[in-house]
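Note sheet for the following structure.
Numbering (the numbering used here), first residue to last: 1 to 362.
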């Protein structure tokens, strides 16, 4: 196996830092634009077309991370600092396993020195290995070398809820390594790709969006009493809320899934939401996942907010059907901001051409 040489990333700004930013496919340019507006300028190179880029920002790592904590990006689904970059070697994993493990040990030592984070002493560590396509034997060998090393150091290798993430991106020309906490990365899933197992009898995959929103925004649906689901059919979101013990009023002129009809906690109103009156302070949760014009959807949801208690939770998806999604988001959030506090806005992994807004009724 050839030696791997450390790669000094060219710096165009002082101070500067390098990051690997991942987005939903087709939205990396909007993640770039968000960062450009925040930092004034950046240099970017695509690692995976449309969804992963290496970005250089005109700010040190600590300053950049502080900005992201204060104003989380909408389209940057997962953010990895690049603490170490090495040139890609031919035959990276063709030598003895001990040789690969020694190389990974050197990387881990450098990462710990850069960050102050440790992978031993009982620390729960997740190892994320990513490349441009399907998982390869090289990805698997590097991951296994890290896992073996972490166990020898006294750490606990885990898949979920880690204390520390070791993230390795294997590019065509170089390997990029970073170490961070889940809070810094924005997710404890590789690349922020939060995956759920499809259940037997599941009504639709839309349920995954609501599950991901719960985890991303730190919610607990079982804590709510009465939810209004606007544009509910066929009932993917309604089904999840019913599972959590919530009473749901579902509004949609289309048919709900037969498995939901007759549920004791479901009130189904088969009408257009624009024609349905609501009682004041009837709901503590409003959700809406309508495939409709974002402004028209906002107008409808705002009309129904009289039925939501002050401090109630609002979760809506905003469809990005036009060529200017950033402008669409600004216009729609301005409409909602007159009636609710916008707490979070994110393009989740299970969002497609849309984002999810998390708000609180004013």
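Where is the CB? At the ideal position from N, CA and C, for every residue including glycine.
- When C-alpha distances from residue 179 are compared across 287, 104, 192, 108, the shortest belongs to 108.
- Inter-residue distance for residue 44 and residue 82 is about 13 angstroms (C-alpha atoms, whole angstroms).
- In the DSSP assignment, residue 357 falls within the unbroken beta strand (DSSP E) covering 354-361.
- Rounded to the nearest angstrom, the gap between the Cα atoms of residue 21 and residue 255 is 40 angstroms.
- Between the stretch 128-144 and the stretch 183-196, the count of Cβ pairs shorter than 8 angstroms is three or higher; the stretches touch.
- In this model, residue 60 and residue 203 are separated by some 46 angstroms (Cα to Cα).
- Under the three-state reduction of DSSP, residue 86 is assigned to strand.
- A straight line joining the alpha-carbon of residue 197 with that of residue 225 spans about 27 angstroms.
- Bounds of the alpha helix (DSSP H) holding residue 242 are 236-243.
- By the Cβ criterion, the stretch 113-122 is in contact with the stretch 146-153, since at least three pairs of Cβ atoms, one from each stretch, lie closer than 8 angstroms.
- Under the 10 Å beta carbon count, residue 284 is surrounded by 16 or more other beta carbons and is classified as buried.
- A straight line joining the alpha-carbon of residue 311 with that of residue 343 spans about 12 angstroms.
- Residue pairing of residue 180 in beta bridges, as defined by DSSP: 165.
- Classified as exposed, residue 262 has fewer than 16 neighbouring CB atoms from the shown chains inside 10 Å of its CB.
- A direct Cα-Cα distance of roughly 33 angstroms separates residue 315 from residue 41.
- The criterion of a C-beta distance shorter than 9 angstroms is not satisfied by residue 287 and residue 265.
- Cβ neighbours of residue 280 within its own chain (closer than 8 angstroms, five residues either side excluded): 306, 307.
- In this structure, DSSP gives residue 304 a helical state, which the three-state scheme calls helix.
- Its chain contains 124, 125, 126, 182, 188 as the residues whose beta carbon lies nearer than 7 angstroms to that of residue 162, once the 5 sequence neighbours on both sides are disregarded; these appear in chain order.
- For the 9 angstroms CB-CB criterion, residue 298 and residue 332 form a contact.
- In this structure, residue 27 keeps its C-beta atom at 9 angstroms or more from the C-beta atom of residue 56.
- 9 angstroms or more divides the Cβ of residue 74 from the Cβ of residue 295.
- For residue 213, the closest of 359, 65, 46 by C-alpha to C-alpha distance is 359.
- Closest in alpha carbon position to residue 76, among 268, 25, 200, is 25.
- Apart from sequence neighbours up to five positions away, the residues of its chain that approach residue 114 with a beta-carbon distance below 8 angstroms are 83, 84, 179, ordered along the chain.
- Annotation for residue 353: 320 place their beta carbon closer than 6 angstroms to its own, counting only its chain and skipping 5 residues before and after.
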